[in-house]
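In terms of this note's numbering, the sequence shown is residues 9 to 488. Ideal Cβ placement from N, Cα and C applies to all residues, glycine included. Treat the numbers as computed from the prediction; the structure is a model and nothing was measured.
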Amino acid sequence: MKLILPDGFFTYFAAFAAQQENGTNFRTIYFVCVNLLSYGGGLGYGWSSPALPKLSGRVHPEDNPLRHPTSVHEESWIASLLSLGAMISPIFAELLCEKIGRKRTLLLFSLPMLIGNFMMIFAHRVFHFYVARFLIGLTEGCIFATIPVYSAEISEKHNRGTLGAIMLLFVSLGHLTSSIVGPRVSIRTLSIISLMPCILFLLIFGLLVPETPYFYVLVNKVDEGKNCLRKLRMRDDVDEEMDDIVKAVMELRSAEDKNALKELLTNKYSVKAFILALVLMLLQQFTGLIYVVDYTQHIFDFARTPLSGDVAVILVSTVQVLSIATSANIIDRVNRKTLLLVSLIIIFLLQTTMGSFFYLQQETFEDLRSVSWIPIVCLMLFIMAFQMGIGPISYIFPAEILEPNVKSLGTTLVISIGLLGEFGIATLFPMVAVRIGYYIPFVIFACLSGFAVFFVMWFLPETRQKSFLEIQENIRNKSS
């Protein structure tokens, strides 16, 4: 049943938009509305750090809704099942985007997060948390697969990169909220807070925000697409841009006439480009971000830093927000390889320092109280280096080097396999830390970051401000 709103419902918003040049501020409202789901996703990613210590009984055992403290094994599954859900959903989200549209796909995939947070409010068994985190992960995967598509299709060329970065900013703001609020409230209250953005998203995005003009053209509703574009641009003269959209969709259809999977597996260039994008994504995961994010508070508590674990987490999360905001301004101004190399060299040095610190603390029983600030500084710098280099570029890179007819499938596979690596790290590395040594994960991350430096230096092409033909030729020259 279609919901019919009174004519005056949009009056305020339309009046506001009419006062803005090209409707830019009104379009920004659309970006904020769609990224309410990104904010909820950030709350989901940040949930583990303050919640797991309570579930294990290490802090505030009275806040544990379970009948017993969780084991390390149970903690690792609660943390990692989100990544498993996020690994699965991009494939289905991509298919649904083409069938029912970007907007309906986002609305549909917001429901698992809604159900998952409801489950955690009333959870009293470990299994409840397993299911809830997996469901939230389904939504997380859709966020990273679909919101960039939606954002790109309603933005203009001159602000596509900046407005597209809003998604990562909202994710990091959600993570910061979890870091600030999580240690000070019960698990149940944190789950209620995590539920709110999802409800707001369903109401506001569902009622106010349009489908993209690209999808209307894709399903042969050109007139509706043109009307949608007029609403987005707040002007009538959109013929030139509409012609570009129709041309882009026709080129996409022509590319899709080829078997994308066959091309990806048999075309020599496509195979090389896919392998490069996949290796970069896996190396991004093995810098250790998910381990740091999920266990930040636990890492600081174990390191006996001068600040309490929850305060240190807030500092790290704040640095993450500032780093993402900064990276949006520099990522198109500095060469990709330069950013990657600087980022990875810094990460290698920081993870080596963290590994050395925990080795001295755990194996030699050295008194490290005078340098107990090192983990705080290292993790703050790690987040900064990650978010200004390897983090965003590993998501941009597949779209820049894959051929048009395999780009959609190839990017989805790269993200899904990368999330499989994230799932493995979140599951196994906490148990490795407890049973072998807290320094082992950081040593592994350092070694793989060092390998990544040479991989980027020798194999990756520069893609900034390069045409696809130039990138293609560069890859062929490097592999010849």
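> If you compare alpha carbons, which of 46, 420, 140, 317 is closest to residue 85?
Replying inline: As a position in the sequence shown, residue 85 is number 77, starting the count at 1. Cα-wise, what sits closest to residue 85 is 140.
> How many angstroms separate the CA atom of residue 152 from the CA atom of residue 219?
Replying inline: As a position in the sequence shown, residue 152 is number 144, starting the count at 1. As a position in the sequence shown, residue 219 is number 211, starting the count at 1. Looking at the backbone, the Cα of residue 152 and that of residue 219 are separated by about 18 Å.
> Which residue's Cα is closest to the Cα of residue 448: 310, 277, 367?
Replying inline: For the purposes of this step, residue 448 is taken as residue 440 along the sequence shown, with counting starting at 1. Of the candidates 310, 277, 367, the one whose C-alpha sits nearest the C-alpha of residue 448 is 367.
> According to DSSP, is residue 415 helix, strand or coil?
Replying inline: By 1-based counting over the sequence shown, the position of residue 415 is 407. Looking at residue 415 - three-state DSSP - the assignment turns out to be helix.
>> The alpha helix (DSSP H) that contains residue 339, what's its start and end?
In response: For this step, residue 339 is matched to residue 331 along the sequence shown. Per DSSP, residue 339 belongs to no alpha helix (DSSP H) and is neither H nor E.
> Which of the three DSSP states, helix, strand or coil, is assigned to residue 69?
Replying inline: Position 61 of the sequence shown, counted from the start, is the residue given in the question as residue 69. In this structure, residue 69 counts as helix in the three-state DSSP scheme.
>> If distances are taken between C-alpha atoms only, which option among 305, 126, 478 comes closest to residue 388?
In response: For this step, residue 388 is matched to residue 380 along the sequence shown. Among 305, 126, 478, the Cα nearest to that of residue 388 belongs to 305.
> Applying the criterion that 16 or more other CB atoms from any shown protein chain within 10 Å of the CB defines a buried residue, is residue 234 buried or exposed?
Replying inline: Indexing the sequence shown from 1 puts residue 234 at position 226. Per the 10 Å Cβ criterion, buried.
>> On the CB-based measure, 16 or more other CB atoms within 10 Å of its CB, does residue 379 come out buried or exposed?
In response: Taking the first residue of the sequence shown as 1, we reach residue 379 at position 371. Exposed is the call here.
>> With distance defined between alpha-carbon atoms, name the residue in 354, 125, 445 nearest to residue 370.
In response: Taking the first residue of the sequence shown as 1, we reach residue 370 at position 362. When only C-alpha atoms are compared, the closest one is 445.
>> Using 8 Å as the threshold, is the C-beta distance between residue 157 and residue 268 below it?
In response: By one-based count along the sequence shown, residue 157 stands at place 149. By one-based count along the sequence shown, residue 268 stands at place 260. No, the Cβ-Cβ distance between residue 157 and residue 268 is not below 8 Å.
> If you run the structure through DSSP and keep just helix, strand and coil, what is residue 245?
Replying inline: Your numbering for residue 245 matches position 237 in the sequence shown. Here residue 245 sits in coil by DSSP.
> By how many angstroms is the C-alpha of residue 280 removed from the C-alpha of residue 472?
Replying inline: Numbered from 1 along the sequence shown, position 464 holds the residue referred to as residue 472. Numbered from 1 along the sequence shown, position 272 holds the residue referred to as residue 280. Roughly 19 Å separates the two Cα atoms.
> Can you give the Cα-Cα distance for residue 82 and residue 130, rounded to whole angstroms?
Replying inline: Counting from 1 along the sequence shown, the entry for residue 82 is found at position 74. Counting from 1 along the sequence shown, the entry for residue 130 is found at position 122. If you take the alpha carbons of residue 82 and residue 130, they lie about 18 Å apart.
> Would DSSP call residue 227 helix, strand or coil?
Replying inline: One-based indexing of the sequence shown puts residue 227 at position 219. Residue 227: coil per DSSP, three-state reduction.
> Should residue 30 go down as buried or exposed, given a rule of 16 or more other Cβ atoms within 10 Å for buried?
Replying inline: Counted from its first residue, the sequence shown places residue 30 at position 22. With a pLDDT of 49 at residue 30, under the threshold of 50, the modelled position of this residue cannot be trusted, and the question is left open.
>> So, at 7 Å on beta carbons, what are the nonlocal neighbours of residue 109 in its own chain, with the 5 sequence-adjacent residues on each side left out?
In response: Here residue 109 refers to the residue found at position 101 when the sequence shown is read from its first residue. Annotation for residue 109: 219, 223 place their beta carbon closer than 7 Å to its own, counting only its chain and skipping 5 residues before and after.
> If residue 451 sits next to residue 80, beta carbons under 8 Å apart, how far is it from one beta carbon to the other, in whole angstroms?
Replying inline: Taking the first residue of the sequence shown as position 1, residue 451 is located at position 443. Taking the first residue of the sequence shown as position 1, residue 80 is located at position 72. The pair is not a contact, with the Cβ atoms about 19 Å apart (cut-off 8 Å).
>> Buried or exposed for residue 373, going by 16 or more other Cβ atoms inside 10 Å?
In response: Along the sequence shown, read from residue 1 onward, the residue named residue 373 stands at position 365. The residue is exposed, with fewer than 16 neighbouring Cβ atoms inside 10 Å.
>> Assuming residue 146 and residue 117 are in contact, meaning their beta carbons sit under 8 Å apart, how far apart are those beta carbons, in whole angstroms?
In response: As a first step, residue 146 must be located in the sequence shown, where it is residue number 138. As a first step, residue 117 must be located in the sequence shown, where it is residue number 109. 7 Å between Cβ atoms; contact.
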